[in-house]
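Trainee: Quick one: structure below, then a few questions.
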Amino acid sequence: MTTQTLEQIETRVSANLFDPAHHLTEAQIGRLIDLATRAPTAYNLQNWRFVAVRSDAEKARLKDLANGQQKVADAAVTFVVFGVLPDAATLGPRLRPSVDAEIMPGGMATTWVTAAGAQYADPRASRDEAVRSASFGAAMLMQAARAMGLASGPIGGFDAAGVAAAYAASGDEVPVVLVSVGRAAPGNWPQKPRRALGEVLEIA
Ligand SMILES: Cc1cc2nc3c(=O)[nH]c(=O)nc-3n(C[C@H](O)[C@H](O)[C@H](O)COP(=O)(O)O)c2cc1C
């Protein structure tokens, strides 16, 4: 990793204060999600959906659903990150580009579809995968924002049922997290100290 990449990881913070005068173009929003979707997903399911909330009216609605958190109104965009319950039937088409590009053999794609069908028959495993994929996507989105010189703030404090209804989530879409992205305003906290490595790391 380059020094700059390390520095970006080491100094990322959850921004709470954003410059309300700062906006992002559709191209910038697209670039952020293009980068976010470089995150891995099981079987390359890519079982996520991102809604970029940036109009004043939509921000006001989402802010209400996020316990009135002001950053939703002030940040240029707040992304609603949905994870999708894996569906083995969609996996074949999702793997087709990798087969066509000769990255993976067609027979292997068939095997993966069968394996995924068995793995996600358990509803809890299915929901876990939706949350896992969305979480990886959100984490990559935050790093992408950092790399593009933008601040980000994850939000878990929101009305999940309300957000699902507001953004027409189907029954297999789980609203996992909101991520506000924009230009930081002065006054944000620095990154908070982390637990000691010895408390969180075991080397087996
Ligand atoms: C899943 C998740 C949910 C969070 N929800 C909120 C939230 O609703 N509002 C908020 O201000 N910060 C929220 N945060 C930010 C955390 O408070 C923050 O990441 C933590 O205090 C560490 O700070 P740092 O990211 O600046 O190091 C959330 C973070 C995560 C990962």
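My numbering runs 1221 ahead of the 1-based position in the sequence shown.
Backbone N, C-alpha and C fix where the C-beta goes; we use that ideal spot for every residue, glycine too.
It should be emphasised that the depicted structure is a prediction, and the values quoted were computed from it without experimental measurement.
Using a Cβ-Cβ cut-off of 7 Å (strictly less than) and excluding sequence neighbours within five positions of residue 1287, which residues of its own chain qualify?
Mentor: Here residue 1287 refers to the residue found at position 66 when the sequence shown is read from its first residue. Once the five neighbours on either side are set aside, the close Cβ partners of residue 1287 are 1293, 1376, 1378, 1379, 1399.
Trainee: Quick one, which of 1387, 1340, 1404 has its alpha-carbon nearest residue 1396's?
Mentor: Taking the first residue of the sequence shown as position 1, residue 1396 is located at position 175. Comparing Cα-Cα distances from residue 1396 to each of 1387, 1340, 1404, the minimum goes to 1387.
Trainee: Do residue 1260 and residue 1401 have their C-beta atoms within less than 7 Å of each other?
Mentor: Along the sequence shown, one-based indexing puts residue 1260 at 39. Along the sequence shown, one-based indexing puts residue 1401 at 180. Contact flag unset, no.
Trainee: Going by CA-CA distance only, name the one from 1318, 1356, 1311, 1258 that's closest to residue 1338.
Mentor: Against the sequence shown, residue 1338 aligns to sequence position 117. That would be 1311, whose Cα lies nearest to the Cα of residue 1338.
Trainee: Return the Cβ separation of residue 1268 and residue 1305 in integer angstroms, given the expectation that the two are a contact with Cβ distance under 8 Å.
Mentor: Taking the sequence shown and counting its residues from 1, the one referred to as residue 1268 is at position 47. Taking the sequence shown and counting its residues from 1, the one referred to as residue 1305 is at position 84. With a Cβ gap of about 4 Å, residue 1268 and residue 1305 count as contacting.
Trainee: For residue 1363, is the classification buried or exposed, using 16 other Cβ atoms within 10 angstroms of its Cβ as the cut-off for buried?
Mentor: Here residue 1363 refers to the residue found at position 142 when the sequence shown is read from its first residue. By the neighbour-count rule (16 or more Cβ atoms within 10 Å), residue 1363 is buried.
Trainee: Could you give the first and the last residue of the continuous beta strand (DSSP E) run that contains residue 1269?
Mentor: In the sequence shown, the residue the question calls residue 1269 occupies position 48. Note, residue 1269: beta strand (DSSP E), 1269-1274.
Trainee: Using a threshold of 7 Å, state whether the C-beta atoms of residue 1367 and residue 1229 are closer than that.
Mentor: Indexing the sequence shown from 1 puts residue 1367 at position 146. Indexing the sequence shown from 1 puts residue 1229 at position 8. Yes, the Cβ-Cβ distance between residue 1367 and residue 1229 is below 7 Å.
Trainee: Closer than 6 Å to a non-hydrogen atom of ligand 1 - does that hold for the CB of residue 1280?
Mentor: What you label residue 1280 is simply residue 59 of the sequence shown in a count that begins at 1. Flag unset: Cβ of residue 1280 not near ligand 1.
Trainee: Which residue spans inside the stretch 1281-1310 form an unbroken alpha helix (DSSP H) run of at least 4?
Mentor: 1292-1295
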